[in-house]
Structures are given as structure tokens and as C-alpha cells.
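Residue numbers (this note's numbering): 44 to 186.
Virtual Cβ for every residue (Gly too), placed ideally from N, Cα, C.
Each remark here refers to the structure printed beneath this line.
Right, dumping it as C-alpha cells:
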């Protein structure tokens with residue numbers, strides 16, 4: 044399945060892979076995989092992460108390279124429960140709102156965008172936030 048990805052998908056997966064491979068070693072270890080799942084709003088136990096990794100770690104090295112990562116993403120997408128647009132939006136909001144305050148500030152937005160492989164400056168993040176935040180209290184504020 045992963046070998047049938049489009050060039051565009053492979054490029055997106057490469058950006059995501061590189062952003063997760065925090066030590067630049069060319070492979071994602073269990074801790075890095077756990078951080079990725081947490082950022083995606085799907086924290087998992089170490090045992091579940093190990094099971095997920097073992098399903099694609101074809102060489103048994105205890106980490107996954109880019110090709111194995113592509114297979115992991117394809118597998119996870121196939122197993123993903125389909126959410127309504129509202130549920131999907133709520134999940135995304137929670138992923139960005141890391142402090143649980145009910146709002147997304149510039150720091151949270153910037154961190155989330157960078158974790159997804161976007162190369163944005165603090166100034167660009169502030170501009171994005173200004174466009175969506177009409178009262179200056181953060182995105183999602185009920186004030």
C-alpha cells in the first residue's frame with residue numbers, strides 16, 4: 044500500500060517524518076512515535092506504541108525508517124474511525140490547545156504548525172492569529 048503513494052503524499056509524509064525524527068537520525072524511535080501520537084491528540088500506552096511499531100518495523104531494529112513510516116501512516120489511516128466534521132474540528136482544536144485553556148494562543152498555534160512540518164515564523168503565526176481572533180483573547184475564546 045505505501046508503495047502506491049503519490050509523489051505529493053510522499054513529500055508530505057517526508058516533511059512529517061523529518062519533523063518527528065527530532066534527532067535527525069533517519070529513523071523514528073518509540074519515544075518519537077509517542078510524541079507524534081500525542082501531538083495528534085491520540086496518546087497511547089508504551090505497549091500499544093510497541094505493537095504499532097512492530098507491525099511495520101520489517102528489519103526488527105526497534106525504530107522505523109521512512110518507508111516503514113509511510114506504511115504506518117497508511118495503516119493508521121485505514122484503521123481511523125471516521126469522524127463528523129464537528130468531531131474532527133473539536134479533535135483538531137484540542138490538539139492545538141495544549142494547555143487546555145479553551146483558547147489557542149500564538150505559541151500553541153506556532154508549535155502545532157511547526158510540528159506538522161510547516162515552516163512559519165513567529166510573525167507569520169501572529170498574523171494568522173490576528174486574522175482569526177477578533178477580540179485578542181485567542182482562537183476559540185468565549186469572552
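Going by the DSSP bridge assignment, what does residue i pair with across the sheet?
{"i": "residue 147", "result": "182"}
{"i": "residue 107", "result": "71"}
Output yes or no for whether 9 angstroms exceeds the beta carbon distance between residue i and residue j.
{"i": "residue 62", "j": "residue 134", "result": "no"}
{"i": "residue 151", "j": "residue 165", "result": "no"}
{"i": "residue 107", "j": "residue 76", "result": "yes"}
{"i": "residue 180", "j": "residue 146", "result": "yes"}
{"i": "residue 138", "j": "residue 83", "result": "yes"}
{"i": "residue 95", "j": "residue 86", "result": "no"}
{"i": "residue 117", "j": "residue 73", "result": "no"}
How many whole angstroms separate the CB atoms of residue i and residue j, which I take to be in contact at a CB cut-off of 8 angstroms?
{"i": "residue 110", "j": "residue 100", "result": "In fact, because the Cβ distance is near 11 angstroms, the residues do not count as touching under 8 angstroms."}
Output needed for residue i: all residues of its chain with C-beta closer than 7 angstroms, excluding positions within five of it in sequence on either side, in chain order.
{"i": "residue 120", "result": "none"}
I'd like the list of long-range same chain contacts for residue i, defined as Cβ closer than 8 angstroms, with 5 residues on each side in sequence excluded.
{"i": "residue 149", "result": "165, 168, 169 and 172"}
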